[in-house]
Amino acid sequence: MNFDPRFSGRKFASVGTRPIRPDGIDKVTGRARYGADFNMAGQLVGRVLRSPHAHAVIKSIDTSKAEKLAGVKAVITAKDLPDLTDGDAAMFDILDNCMARKKALYDGHAVAAVAAIDARIARQALKLIEVEYEVLPHVTDVDEAAHHHAPLINDQVFTEGLEEKPVKPSNITKRTQFGHGDVHKGFAEADFVVERSFKTEQTHQGYIEPHACVASVNPDGTADLWVCTQGHFVYRQHCAQLLGLEASKLRVTSSEIGGGFGGKTHVWAEPVALALSRKAGRPVKLVMTRDEVFRASGPTSATSIDVRIGAKKDGTITAAEATLRYSCGPYAGSWAEIGAMTAFACYKLENVKTVGFEVLVNRPKTAAYRAPSAPMAAFAVESAIDELAHEIGMDAVDFRIKNAAQEGTRASYGPVYGPIGIGPTLEAVKHHPHMKAPLKANQGRGMACGFWFNFGGQTCTDLNIGMDGSVSLAVGTVDVGGSRASLSLVAAEELGIDYSHVKAIVADTSSLGYNDMTDGSRGTFSSSMATISAARNAIKILRERAAQMWDIPVDDVTWEKGHAIAKGEKYGNLSPLSLKEIAAKSGTTGGPIAGHSELVADGAGVSFATHICDIEVDPETGSTRVIRYTVVQDAGKAVHPTYVEGQYQGGAAQGIGWALNEEYIYGKDGRLQNAGFLDYRIPVCSDLPMIDTQILEIPNPNHPYGVRGVGETSIVPPLAAIANAVSNAVGVRMTHIPMSPPRILAALDAEREG
Amino acid sequence: MRYIRPLSIEDAVGELAKAVGPAAILAGGSDLLVRMKGGFVDPELIVDIKRIGGLSDVTETAEGFRIGAAVPCAVLGENKALKQAWPGVVEAANLIGSKQVQGRCTITGNLCNASPAADSVPAMVAAGARAVVVGPSGKRTIAVEAVPTGPGRTSLAKGEIIEAILLDKRPPHAGDAYLRFIPRTEMDIAVVSAGVNLTLDDKGAIRSARVALGAAAPTVLLVEEAGQVLVGSKLDEDTLERLAKICSGACRPIDDKRGTIEFRRKVAGVLARRAAAIAYKRAGGK
Amino acid sequence: MAGVAVSTTINGDAVEYLCQPDETLLEVLRDRLGLTGAKEGCGTGDCGACSVIVDGRLVCSCLVLGAEAEGRKIETIEGMAHGDQLHPLQQKFLEHAALQCGVCTPGFLIAAKDLLAKNPSPTEEEIRFGLAGNLCRCTGYDKIVRAVQDAANVMKGA
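Protein chains in written order, with this note's numbering: chain A, 25 to 778; chain B, 898 to 1183; chain C, 64 to 221.
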């Protein structure tokens, strides 16, 4: 379904307005039910035993004492999760991650689990499980792990993607490469070259709601799972496969979700809860503690990136090259690959080459975190770009404008761009009042650009029109930040009725066809496409019913502003029929009126952003304060502008935390030292200023309203924008994220002494 | 596990003295409950002291202030007279945790939890605060710096409870201040901190000074040499330089997830200077 | 372990329950009394999602024992609206889109209610520091602060 050419001149009645969201009242009154707010009769409490070692062979597990403890109804180990993955390596990794089979591969790796009648007994039971470990050497640093002397995490891993097939196993699972042109030639043509290496530490999505589910498996092979997830259809598929259930017999209901940002797109505890329930014959509620969330869910990659960029003295970039090493945890992934794709995506380049290496480490399995892999690559590239502009003597924004990608540019990762927003965001930033605001002593200003692909994917929606004319919209993409409001606006827009008559819900897996998860900024994009399609199908039926009620050919009936209109002078005496009037008669004209849509939403439309940031640094302590922050981002078409602003601000805030304070800290023993919100420091309210936003709308030609995904791009520029601001404030190029006070002070001291 | 709510200090002392197995005193619980949840302590007896008469009061007498052991830090912040007399102690107490934690935590609990990074302790030590200890063998009053003996350990014997913290009445021209370094603006445990307490003569020269450093050693450091270098001065630049140097040198910090040795040393000096300047200003110095 | 019998008042209603000595007030509210508005985000007092008001004091209910509620007056999110009349803070949070996933929202509303009760005309800085004990990962706090400012104005009759 494509771009509606009537788009550009179109005035929207509902889309683009800012009504209150339909699920809001429940959330401000405490009535909304999240993962841990649900209970089933007779449920047991599930708890997981986790490895205290970063790398160890599991020699034996003796659960007998735990099983005998009064009140314990089931104890499981990997033996209770037989391998049904049938050669699917990715699924096998998920299975092994949910419950270690032969080796514990990180501090926190699940090795056993219990279900008991209360939490106290469950905790006691865990203490009674005896695990014999043979501790192995571990490696947690991405560069150390890439080294050929590093302890091997999986001796069956031979690096893919190398020219010569390796004979020795390694912790590097894959090499990928993107680009075009000839970078050697390009560098030879350059008048200035900047070459730098950068490091970013591992961070976590930091959602406030820990993973929680209630699982109930019945003896007849049917099962129920209540869970906070970004993709209940994906969870159903994975859990069914791992447990040997038929997917249609496992009903997954997604609760309200208390944050995900990519971290709730994978199963961790859910197969364990189902396996416990199956063994115990009773429902099991399994909630992760905050400590477990940090140790054993899916943080993002730690990275080590080398960048080299060359330009002529007129500012034209002649060559750009990057080598990116990303940590994957102990299982294969494609994180560096995505980084390699996004690194130079903002620029129009004749000669570009990016190479990505996936590195195994003894840390939890890396999962997606909001525009996964892009922020780190952008940090490296945008820092180098800033430095290069400075060397040439060009303004940072002008340098980027000169080299910005445009419609028709071949992206560094392959495709040719359609109409895109990078130029417009840069121009908007150039003229933004923020750029002219005066800076005080010890303050620095930085700006940076960011890119994200956005995804489409499989989507189904059902639109049902009640006999009172009110509309129910059932979607399958989990609402993480207000999309029910946006989708209700879209339905209202298409049908030509008031938003207040539309009620959107997220349906469970038994009620709709398959939906890909809410990730890749696809929630509003794809579900709105499917909603538009479903509404247009419903409109076809509404026209048919009106035609029937009037006894005229359906071709003579059009739909305008929520009414069926009889077109033609001969029908002059027929007044328009409203949706409500047609619906009221639906029982006698053919039954309930509905429209549904099952599609793959193609053409998601890339999105670009440019951010500006002012930072003040205390030169005696390295302490930082964010003074001012501005986000300019292209949304294509903002369906609900307030929620689009919210995505911009939220992504920026996460990026700020990542840039300044957040990091996983491992000890020499390979154990995570800061598995809590006290020492894993996300921004608090007093750490941030108001975050200004500017929504640009360069329509996506592949969506009927021009919508682009918005949820992720805003986390891509902050690391670099802040690094550039700090670097400008202290006069030293910062190359290690997070730029915590000790790192800034050390950089200042090195500069003073050097 | 038993939970009891005695109404008198004698009852509390008696229960604690005869307890078999680990016993814990509960006032605000902001340390105890966290340690219980983390599996670090599994008390068999919890003695809630909040119903004991007098322990929830802040009383001002001719000698100074008596802060009951169960007074939440938020209440200290609402006490105008205390804030006026001891702004450093009160601001330190009000830095612990968040508003929610402030509604519960106590400076006595902060002291007895004996974390090297406790916020209220350097300010109390600089202030010369004393603790009134009640135990099976009676009552005694000791300097607060005598309470913590190492991370998580105190000098209190079995059955002993602190029932109040005492702060002296302020002479004229006196001021104290507390500063801590944290990476965010709130919520963090101090990476390093400094409490400074000064009294001036009527010409603005420092007559007496106490300087205490937090999170710079296993227990709070009362840096005598730092106090001595301030006496007689009007806090000129040279004195401040020496103060910073002495404080940096006095630190015995560790490298941990919150900071490095080098960072703590350096910033201890910076904070001591800044806290001294604030205390001096509060004391009326220019 | 012997249970502790507790008589307390929650949102104006007399409530009695039996709880274990080591059970927190948060666990009692959620698992015994069905009041799931207060959330467990961390269990250690670092996130504020479990905020409630006890005898007029803002606290983290994960740091209060269920047994300590004896004789006290407790206010939770469930008592913030009066029937179908939302509290101005609740209304303003909706209008300003001061929530995205909403899991931190009950904690914020309770903390903001306490903030405005003690300081009816807070500056932006006072709001930010007053709410520093409540973590939000979705909004970046901008719209939350604006909602509190707007609610403060409404509540003053401005």
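Glycine included, every Cβ here is placed at the ideal spot set by N, Cα and C.
Check the Cβ of residue i against every Cβ in chain C and list those closer than 7 Å, keeping chain order.
i, result
"A:G670", "A160, Q163, T202 and K206"
Residue i to residue j, Cα distance in whole Å?
i, j, result
"C:L92", "C:T99", "7 Å"
"A:F549", "C:R95", "41 Å"
"A:M25", "A:Y729", "Reliability fails at A:M25, whose pLDDT of 48 lies under 50, so the model's placement of it is uncertain and the value that follows must be treated cautiously. Their backbone Cα atoms lie some 11 Å apart in a straight line."
"A:A677", "C:L198", "12 Å"
"A:A65", "A:A139", "15 Å"
"B:D1152", "A:P766", "12 Å"
"C:H150", "C:G170", "14 Å"
"A:K223", "A:A413", "21 Å"
"B:R963", "A:A753", "47 Å"
"A:R649", "A:I232", "24 Å"
Just checking: is the beta-carbon of residue i within a distance shorter than 9 Å of some beta-carbon in chain C?
i, result
"A:S278", "no"
"B:E1083", "yes"
"A:M714", "yes"
"A:M25", "Residue confidence is low: A:M25 scores 48 on pLDDT, short of 50, so the model does not pin down where it sits. Its coordinate-derived value is still stated next. Not an interface residue."
"B:G994", "yes"
"B:S1012", "no"
"B:L979", "no"
Show which residues of chain B have a CB atom less than 7 Å away from the CB atom of residue i.
i, result
"A:V708", "R1081, T1082, E1083 and M1084"
Between residue i and chain B, is any beta-carbon pair separated by less than 9 Å?
i, result
"C:Q212", "no"
"A:E644", "yes"
"C:S70", "no"
"A:Q14", "The shown model of chain A, from 25 to 778, leaves out residue 14 of chain A, and the question about it has no answer."
"A:I746", "no"
For residue i, decide whether its Cβ has a neighbour in chain A, counting only Cβ atoms nearer than 9 Å.
i, result
"C:K102", "yes"
"C:L98", "yes"
"C:L179", "no"
"B:G911", "no"
"B:E1159", "yes"
What three-state label does DSSP hand residue i in the structure shown?
i, result
"C:F192", "helix"
"B:T1136", "helix"
"B:M933", "helix"
"A:Q229", "coil"
"A:D330", "strand"
"C:A174", "helix"
"A:W359", "helix"
"A:I409", "helix"
"C:D94", "helix"
"A:Y393", "coil"
"C:T71", "strand"
Counting along the chain, where does the alpha helix (DSSP H) carrying residue i start and finish?
i, result
"A:W574", "G547 to W574"
"A:Y729", "From DSSP, A:Y729 is part of no alpha helix (DSSP H); its letter is neither H nor E."
"A:C263", "H256 to L267"
"C:D109", "Neither: C:D109 is in no alpha helix (DSSP H) and is coded neither H nor E."
"A:R319", "R314 to A320"
Below 9 Å on C-beta distance, what does residue i contact in chain A?
i, result
"C:R95", "Under the 9 Å cutoff, chain A gives no residues; its nearest Cβ is about 11 Å from C:R95."
So with CB distances below 7 Å, who are the chain A contacts of residue i?
i, result
"C:P169", "G54"
"C:V166", "Y58, I232, E233, G282 and G283"
Which residues in chain C have a C-beta closer than 9 Å to the C-beta of residue i? List them in chain order.
i, result
"A:T313", "E103, C105 and G106"
Listing by chain order, which chain A residues have their CB less than 8 Å from the CB of residue i?
i, result
"C:N216", "Correct list: empty, because the minimum Cβ distance to chain A is about 17 Å."
Between which two residues does the beta strand (DSSP E) harbouring residue i extend?
i, result
"A:H79", "Per DSSP, A:H79 belongs to no beta strand (DSSP E) and is neither H nor E."
"A:T648", "T648 to D658"
"A:H786", "Residue numbering for chain A in the displayed model covers 25 to 778; residue 786 of chain A lies beyond these limits and cannot be assessed."
"A:F202", "I196 to H204"
List the residues of chain F whose Cβ lies closer than 8 Å to the Cβ of residue i, in chain order.
i, result
"C:E138", "Considering every chain present, this structure includes no chain F. Its protein chains are A, B and C."
In chain B, which residues lie less than 9 Å from residue i when you measure between Cβ atoms?
i, result
"A:D638", "Under the 9 Å cutoff, chain B gives no residues; its nearest Cβ is about 16 Å from A:D638."
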